[in-house]
């Protein structure tokens with residue numbers, strides 16, 4: 001079976017941006033008005049969508065659109081307009097935009113290779129100890145609304161009690177899979193979206209939500225880790241870890257400017 005029939009990897013953008021032109025990636029924009037003259041481009045503000053709440057959900061509004069409007073194949077993945085996952089290991093930087101696709105292995109053969117014996121692909125974890133920030137929970141409470149996480153944990157305890165132990169395991173960890181990049185088995189993605197959107201919906205019923213900031217995207221990073229810990233414990237899922245890559249536009253195309261070597265802590269939708 002051709003890899004095109006096995007996996008879809010969407011590259012999300014909320015603004016016009018030079019995309020990586022590989023056949024394995026599908027560009028998707030958050031608004032039709034961004035690309036008004038190209039109706040072949042996917043946009044997540046049509047059909048069953050939550051695009052009007054994008055300032056709150058960020059990339060989760062696109063996950064939702066794909067979940068509700070697209071046929072999910074064996075694997076589905078999401079990158080962002082300047083954030084990707086390398087399919088090759090131990091790569092170093094380049095200033096040649098023509099080398100980006102080959103350098104990171106963004107082709108069908110490398111994609112087949114990384115999906116062998118794998119349920120989820122994620123970028124290298126971030127270690128909070130490098131920054132003196134303690135564990136995942138203390139770092140979240142330092143930067144974000146603690147009421148959102150506390151209430152989410154209450155919801156999980158009430159509605160998903162089998163996850164309770166995994167909440168403690170994940171939140172006491174000093175490492176996090178972050179920036180909301182992944183490739184995931186399609187049935188896992190369906191389980192993930194069913195679970196996390198239920199939590200988000202319940203949060204909106206219980207809290208006075210500020211819809212103008214990306215709180216659910218930041219919270220979603222932590223919930224994603226809880227979900228993975230739970231699935232590792234209960235279903236023994238196999239996670240493959242690869243280097244994250246940041247790209248930037250230039251006059252000749254695109255090139256990288258950061259490869260898995262943190263100088264700050266980029267979070268969801270930064």
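Numbering (the UniProt record's numbering), first residue to last: 1 to 270. Beta carbons: idealized from backbone N, C-alpha and C, even for Gly.
Sorting 175, 148, 160 and 159 by C-alpha distance to the C-alpha of residue 206 places 148 at the top. Annotated as distal: residue 243 and residue 146, with beta-carbon spacing of 7 Å or more. Around the Cβ of residue 127, a 10 Å sphere holds fewer than 16 other Cβ atoms; the residue is exposed. Residue environment for residue 39: exposed (fewer than 16 other C-beta atoms within 10 angstroms of its C-beta).
Nearest neighbour of residue 246 by Cα position, chosen from 152, 83 and 167, turns out to be 83. Judged by DSSP secondary structure, residue 84 falls within the beta strand (DSSP E) whose first and last residues are 83 to 85. Residue 243 sits in coil when the DSSP states are folded into three classes, being neither helix nor strand. Here residue 26 is not near residue 44, since their CB atoms are 7 Å or more apart. According to DSSP, residue 185 shares a beta bridge with 75. Contact between the segment 229 to 243 and the segment 74 to 82 is absent: fewer than three C-beta pairs spanning the two stretches fall below 8 Å.
Excluding the 5 residues flanking it on each side, residue 34 has same chain C-beta neighbours closer than 8 Å at 13, 14, 15, 16 and 43, in chain order. With contact defined as three or more Cβ pairs closer than 8 Å, the segment 168 to 176 and the segment 114 to 124 are not in contact.
Residue range 25 to 29 is occupied by the beta strand (DSSP E) that includes residue 26. Comparing C-alpha distances from residue 168 to each of 65, 156, 177 and 179 shows the shortest one belongs to 156. Counting only the Cα atoms, residue 184 lies some 22 Å from residue 90. Taking 8 Å as the upper bound for CB-CB distance, residue 213 and residue 36 are not in contact here, some 27 Å apart.
Beta-bridge analysis with DSSP links residue 13 to 29.
Linking residue 141 to residue 2 through their CA atoms gives a straight-line distance of about 45 Å.
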